[in-house]
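Below: one structure, written as structure tokens.
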Amino acid sequence: MSDIAAADRIAPVEAEREGLLSWVASVDHKQIGIMYLLSGLVFFGLGGLEALIIRTQLAIPGNSIVTPDTFNQLFSMHGTTMIFLVIMPVMAGITTYVLPLMIGARDVAFPRLNALSFWIQLFGGILLYFSFVAGGAPNAGWFSYAPLSEPAYSFNNGVTYWILGLAGVGIGSLAGAINMAVTVLKLRVPGMTIRRLPLFAWITMVNSFLMIFALPVINAALVLLLADRLLNAHIFTPAFGGSAVLWQHYFWGFGHPEVYIMILPAFAIISEVIPVFSGKPIYGYEFVAASTVAIAFMSFAVWAHHMFAVGLGHLFDLFFGISTMAIAVPTGIKIFNWTATLYQGRIRFTTSMKFAVSFIVMFTIGGLSGVSFAVVPLDWQLTDTYYLVAHLHYVLFGGSIFAIFAGIYYWFPKMSGRMLDERIGNWHFWTTFIGFNLTFLVQHLLGMMGMPRRVFTYPDWPWWMTLNMISTIGAFTLLASVIIFLWNIRISLGAGAPAGDNPWDAWTLEWATTSPPPAENFALVPPVRGRRPLWDLAHPDRADELVAAASGE
Amino acid sequence: MSKSKLAVTLFILSEASFFALLIIAYVYFHAYPGEGPTAAGSLNVGRTAIFSVFLFASSATMMLASRSYRTRSSAMLGWLIVTLLLGGVFLFGQVREYMGLYAAGVSANRSLFATTFFTLTGFHGLHVAIGLLAIGAVAILAGSGSLGVSAREEEAFGSVEIYWHFVDAVWVVIFSIVYLWEFL
Amino acid sequence: MSEPVGNLLRAWEFEPSVVIGCAVLLALYGVAHRDDPWRAGWFVAGAAAIFLALVSPLDVLSDTYLFSAHMAQHLMLVLVAPPLLIAGLSPRMVRRAMKIAAAARIERVLGNAIVAWTIGMATLWVWHAPSLYNAALADEDLHIVEHLCFLISATIYWWPIVSPVEEVRMAAMPAVMYLATGAVANSVLAILLTFARPGLYPAYLDPPDPLGILTMVRAQWGLTPAADQQLGGLLMWIPGGMVFMGAVVWVIARWYAAGDREIHGIAPAG
Numbered sequence: 001m002s003d004i005a006a007a008d009r010i011a012p013v014e015a016e017r018e019g020l021l022s023w024v025a026s027v028d029h030k031q032i033g034i035m036y037l038l039s040g041l042v043f044f045g046l047g048g049l050e051a052l053i054i055r056t057q058l059a060i061p062g063n064s065i066v067t068p069d070t071f072n073q074l075f076s077m078h079g080t081t082m083i084f085l086v087i088m089p090v091m092a093g094i095t096t097y098v099l100p101l102m103i104g105a106r107d108v109a110f111p112r113l114n115a116l117s118f119w120i121q122l123f124g125g126i127l128l129y130f131s132f133v134a135g136g137a138p139n140a141g142w143f144s145y146a147p148l149s150e151p152a153y154s155f156n157n158g159v160t161y162w163i164l165g166l167a168g169v170g171i172g173s174l175a176g177a178i179n180m181a182v183t184v185l186k187l188r189v190p191g192m193t194i195r196r197l198p199l200f201a202w203i204t205m206v207n208s209f210l211m212i213f214a215l216p217v218i219n220a221a222l223v224l225l226l227a228d229r230l231l232n233a234h235i236f237t238p239a240f241g242g243s244a245v246l247w248q249h250y251f252w253g254f255g256h257p258e259v260y261i262m263i264l265p266a267f268a269i270i271s272e273v274i275p276v277f278s279g280k281p282i283y284g285y286e287f288v289a290a291s292t293v294a295i296a297f298m299s300f301a302v303w304a305h306h307m308f309a310v311g312l313g314h315l316f317d318l319f320f321g322i323s324t325m326a327i328a329v330p331t332g333i334k335i336f337n338w339t340a341t342l343y344q345g346r347i348r349f350t351t352s353m354k355f356a357v358s359f360i361v362m363f364t365i366g367g368l369s370g371v372s373f374a375v376v377p378l379d380w381q382l383t384d385t386y387y388l389v390a391h392l393h394y395v396l397f398g399g400s401i402f403a404i405f406a407g408i409y410y411w412f413p414k415m416s417g418r419m420l421d422e423r424i425g426n427w428h429f430w431t432t433f434i435g436f437n438l439t440f441l442v443q444h445l446l447g448m449m450g451m452p453r454r455v456f457t458y459p460d461w462p463w464w465m466t467l468n469m470i471s472t473i474g475a476f477t478l479l480a481s482v483i484i485f486l487w488n489i490r491i492s493l494g495a496g497a498p499a500g501d502n503p504w505d506a507w508t509l510e511w512a513t514t515s516p517p518p519a520e521n522f523a524l525v526p527p528v529r530g531r532r533p534l535w536d537l538a539h540p541d542r543a544d545e546l547v548a549a550a551s552g553e
Numbered sequence: 001m002s003k004s005k006l007a008v009t010l011f012i013l014s015e016a017s018f019f020a021l022l023i024i025a026y027v028y029f030h031a032y033p034g035e036g037p038t039a040a041g042s043l044n045v046g047r048t049a050i051f052s053v054f055l056f057a058s059s060a061t062m063m064l065a066s067r068s069y070r071t072r073s074s075a076m077l078g079w080l081i082v083t084l085l086l087g088g089v090f091l092f093g094q095v096r097e098y099m100g101l102y103a104a105g106v107s108a109n110r111s112l113f114a115t116t117f118f119t120l121t122g123f124h125g126l127h128v129a130i131g132l133l134a135i136g137a138v139a140i141l142a143g144s145g146s147l148g149v150s151a152r153e154e155e156a157f158g159s160v161e162i163y164w165h166f167v168d169a170v171w172v173v174i175f176s177i178v179y180l181w182e183f184l
Numbered sequence: 001m002s003e004p005v006g007n008l009l010r011a012w013e014f015e016p017s018v019v020i021g022c023a024v025l026l027a028l029y030g031v032a033h034r035d036d037p038w039r040a041g042w043f044v045a046g047a048a049a050i051f052l053a054l055v056s057p058l059d060v061l062s063d064t065y066l067f068s069a070h071m072a073q074h075l076m077l078v079l080v081a082p083p084l085l086i087a088g089l090s091p092r093m094v095r096r097a098m099k100i101a102a103a104a105r106i107e108r109v110l111g112n113a114i115v116a117w118t119i120g121m122a123t124l125w126v127w128h129a130p131s132l133y134n135a136a137l138a139d140e141d142l143h144i145v146e147h148l149c150f151l152i153s154a155t156i157y158w159w160p161i162v163s164p165v166e167e168v169r170m171a172a173m174p175a176v177m178y179l180a181t182g183a184v185a186n187s188v189l190a191i192l193l194t195f196a197r198p199g200l201y202p203a204y205l206d207p208p209d210p211l212g213i214l215t216m217v218r219a220q221w222g223l224t225p226a227a228d229q230q231l232g233g234l235l236m237w238i239p240g241g242m243v244f245m246g247a248v249v250w251v252i253a254r255w256y257a258a259g260d261r262e263i264h265g266i267a268p269a270g
């Protein structure tokens with residue numbers, strides 16, 4: 001009640017919608033969400049450009065398009081950009097836009113904190129990219145292993161920029177996580193009990209807790225590395241008694257939960273899109289919900305699988321190998337849930353659905369290569385080869401990015417009031433799908449043939465050039481796909497079909513308001529008596545709870 | 001639990017995680033020290049213990065301030081100010097300690113103990129300072145008559161209190177591990 | 001069967017305090033539950049866990065040979081036995097017991113989430129301090145105190161989670177946080193033990209060999225002092241952590257099964 005009363009005291013915001021400058025001052029979650037998406041898009045372009053240069057350099061052996069040091073900066077920035085400035089902010093953007101609408105709230109719990117999250121994250125990214133013109137970008141990989149990241153091996157301030165940029169992003173993400181958790185727990189419309197939460201909201205909440213516990217780990221590591229770099233300390237330099245392995249423990253103690261932080265929102269999106277375009281509720285809601293919690297918990301118990309090649313001891317490797325295999329179980333459960341949802345559904349293959357279905361396949365491939373890494377001797381052979389590059393791109397691109405595309409095609413109508421063109425969307429999907437698989441499928445083979453990652457060139461060994469060339473062609477196909485995507489957005493914003501409130505015949509509350517929603521989100525929130533409020537409203541005789549009661553649940 | 005208190009609790013959980021990692025680094029290099037000054041040779045447990053008492057006392061006075069606030073007693077502002085003073089004394093003691101260490105040549109990069117010590121206690125001191133700012137803000141609002149008794153304001157007060165107790169609890173752990181463990 | 005293995009399997013030590021203690025526990029249970037025997041299986045399982053941990057060859061391995069064995073023993077006392085014992089209590093009996101004013105007062109204090117958590121975790125940490133741990137290895141009476149501390153503090157820790165009486169149980173969300181933070185505290189200690197310099201507990205470096213199994217342990221089982229200490233830490237960390245995680249999943253499953261009731265303290269606005 002107090003929040004509703006408070007809303008009355010807030011000055012009306014309709015007038016604020018005008019002008020570019022009003023966006024800078026905005027604390028409206030919808031505008032902040034869109035700003036996240038736009039900045040994410042810009043950084044996607046930058047990260048993609050870095051990738052294209054990398055792939056051009058690697059297309060033929062003995063190439064010299066870039067110097068080795070530039071190459072190091074390119075792959076370090078590519079990874080850092082895609083993870084911290086694309087996937088995380090875009091997921092944050094989709095979440096901050098959709099979540100309050102989905103739970104029938106007027107905004108997030110702390111709108112000003114929401115704005116702060118966005119701007120700090122953006123400035124962190126700008127600071128990171130400033131390094132290019134301030135002596136050189138970070139060149140020690142996206143994970144800045146010690147002692148390569150230490151002053152003794154650094155010839156510019158790149159890694160320091162990396163630290164500070166990441167600090168900005170980290171603070172923004174943490175604030176966002178706290179904001180979203182409180183929003184889900186406190187701002188649900190009455191009637192939306194926790195058990196009636198859309199899976200998107202539930203997974204977002206679990207993901208928030210994951211961020212709350214995982215981000216501080218990298219913050220602590222960054223602080224200590226900063227001490228080494230700026231104060232001449234020796235926490236991570238073995239020559240002076242420090243421990244380089246400690247950096248790895250700290251980094252991956254964050255890094256592994258981080259990959260789940262990046263994939264859980266993808267699961268959230270897919271868990272909304274697949275049921276809607278299958279015309280059936282998700283199969284096994286409780287299993288998806290519980291397995292999400294299991295994944296979050298277990299993600300803290302597997303990090304040393306990134307360190308099997310460090311020599312921590314067989315006992316150690318054994319325990320972490322087992323826990324890594326175990327964490328595949330809750331993820332696999334979800335794959336079954338989504339597939340079972342598709343089974344006997346009335347499938348509508350919209351562009352969003354195409355990305356969602358291919359997500360299931362791509363992510364499973366990535367997951368399988370990941371599980372293969374849990375077998376420690378295999379890991380010893382394949383770690384830090386292109387097999388690993390293939391794995392991580394299958395889960396992060398074939399997984400997270402595909403899910404992001406699914407989500408954008410799904411919610412773009414709500415955000416803009418216009419439908420994205422389905423024909424152009426089809427072209428976008430297929431060029432992405434083909435380009436992605438061309439680029440990364442062959443990298444499994446390259447890795448098994450022994451090509452290490454992070455090398456700026458390679459010898460002219462049999463098949464290496466062919467496979468690298470195929471991969472580069474795939475990368476440029478992806479460039480085409482991105483151009484098509486941008487074209488789709490450009491045309492649809494101008495002349496796309498009007499969307500209406502609920503173009504997809506979907507069930508969650510965000511579809512119960514106009515597209516785009518008014519400043520206060522809802523004129524009136526529909527009653528919530530089940531997990532699919534709009535379905536219950538449209539089919540009172542076949543409402544979910546009635547069906548459940550009839551079947552004796 | 002209100003949204004303010006929930007947010008502060010979640011923030012505290014993340015900060016607990018952060019401090020846990022800094023503590024691990026401290027403990028690790030306690031077990032595997034390199035060269036240079038160590039805890040045993042550098043720290044004065046007794047003096048820090050005395051200053052610690054001031055911090056612990058400030059938690060008690062914060063609770064008294066909170067009770068005064070809830071019972072609408074006029075003693076609230078007084079207790080808030082006492083809390084600020086007690087916390088300030090603790091910080092003063094920490095600054096003195098740092099100055100003493102630097103004068104003795106124990107700067108942050110002199111040894112692994114020094115780096116982890118200054119990082120751990122330094123970030124704690126930063127959290128104390130931020131807490132004092134927050135309490136100060138509450139005190140100023142109270143003093144200028146702007147602090148009402150609505151549910152929202154009570155929750156805000158309670159959130160500041162939770163944060164302050166957390167800062168205190170962290171010091172219990174840090175003091176035990178850095179000072180007591182060494183000398184008991 | 002080789003001689004060392006035979007010696008090991010025969011090395012049951014029916015320590016009087018343990019035998020009497022378990023018997024008393026079961027007797028008290030039987031008296032209190034003579035009208036209510038349905039959950040006896042759980043309680044007996046819990047008592048059996050204590051009995052086996054302290055009486056079977058695991059005990060002599062723990063006291064004399066292996067830190068990892070001692071860890072396994074403690075894990076049974078802390079993570080296995082107490083939840084089973086609590087689960088075996090009948091709700092009716094507990095409610096009747098809580099009608100006694102003193103009992104209710106104690107429950108209110110010890111059952112408070114922060115109190116229970118602190119007691120549970122602090123006991124865990126304090127007893128692993130080398131000075132205390134080594135002293136307990138040397139002094140049998142102190143060792144009994146140590147085990148009692150573990151049993152009692154762990155029972156206090158698990159009470160708000162597993163208690164058969166719903167009114168004293170924590171709501172689902174706070175319970176998950178309680179367990180998650182407990183897992184963290186458990187894991188941090190375990191991490192420190194896993195990575196500590198070998199010889200934290202010197203009694204295990206070169207133990208006496210009453211059963212003649214030391215060669216087998218060192219050579220065939222591969223448990224050098226360093227590996228042994230690491231294994232102990234790992235056991236506390238991974239399987240130990242899994243128990244907390246299993247408890248989290250169980251709490252959530254129980255919550256879902258309870259139907260559409262709102263969780264305490266986290267009601268939506270309005």
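Residue numbers (our numbering), protein chains in the order written: chain H, 1 to 553; chain X, 1 to 184; chain E, 1 to 270. In this text, a Cβ means the ideal position worked out from N, Cα and C, and glycines have one as well.
Of the candidates Ala543/H, Ser400/H, Pro518/H, Lys186/H, Ala543/H places its Cα closest to the Cα of glycine 530/H. According to DSSP, residue pairing for arginine 418/H in a beta bridge involves Pro498/H. For threonine 61/X, the secondary structure class from DSSP, reduced to helix, strand or coil, is helix. Taking 7 Å as the CB threshold, leucine 315/H lines the interface with chain E. Per DSSP, the unbroken alpha helix (DSSP H) holding histidine 147/E starts and ends at 140-162.
C-alpha of glutamate 545/H to C-alpha of threonine 513/H: approximately 23 Å in a straight line. Distances from the CA of phenylalanine 11/X to each of Ile163/H, Ile53/H, Ser208/H were compared; the closest alpha carbon is that of Ser208/H. The Cβ atoms of alanine 190/E and tryptophan 237/E sit closer than 7 Å to each other. Straight-line measurement puts the Cα of aspartate 536/H at about 11 Å from the Cα of valine 547/H. Close CB contacts of alanine 221/H within its chain, under the 6 Å cut and outside five residues either way in sequence, are with Tyr250, Phe251 (chain order). Glutamate 286/H reaches chain E at Tyr256, counting residues in chain order whose Cβ is nearer than 7 Å. Taking a cut-off of 8 Å on C-beta distances, the region 153-161 of chain X touches the region 65-74 of chain X, as three or more cross pairs fall below it.
Of the candidates Ile194/H, Met205/H, Ile203/H, Pro216/H, the residue whose Cα lies closest to the Cα of glycine 168/H is Pro216/H. For valine 293/H, the closest Cβ of chain E is nearer than 7 Å. For the region 250-327 of chain H, the continuous alpha helix (DSSP H) assignments of 4+ residues that do not extend past its boundaries occur at 285-298, in sequence order. DSSP, reduced to helix, strand and coil, places threonine 350/H outside both helices and strands of the structure shown, so it counts as coil.
For the set Pro210/E, Gly241/E, Ala47/E, the Cα lying nearest the Cα of isoleucine 20/E is the one of Ala47/E. Under the three-pair Cβ rule at 8 Å, the region 329-348 of chain H does not count as touching the region 375-382 of chain H. Relative to the Cα of glycine 88/X, the nearest Cα in the group Phe51/X, Ala25/X, Ser144/X, Glu182/X belongs to Phe51/X. The three-state reading of DSSP puts proline 452/H in strand, counting E and B together. In the structure shown, threonine 38/X adopts coil according to DSSP, grouped into three states. Glutamine 344/H and glycine 284/H have their C-alpha atoms spaced approximately 15 Å apart. Listed in chain order, the alpha helix (DSSP H) elements of length 4 or more contained wholly in the region 162-247 of chain E are 172-195.
Phenylalanine 18/X reaches chain H at Pro216, Asn219, Ala220, counting residues in chain order whose Cβ is nearer than 7 Å.
Residue pairing by DSSP puts threonine 385/H in a beta bridge opposite Pro452/H.
Of all alpha-carbon atoms in Met71/E, Ala45/E, Phe244/E, Tyr157/E, the one lying nearest the alpha-carbon of leucine 84/E is that of Ala45/E. By the Cβ test, the region 25-33 of chain H is in contact with the region 103-111 of chain H, since at least three Cβ pairs between them sit closer than 8 Å.
In the three-state reduction of the DSSP assignment, serine 515/H falls in the coil class, being assigned neither a helical nor a strand state.
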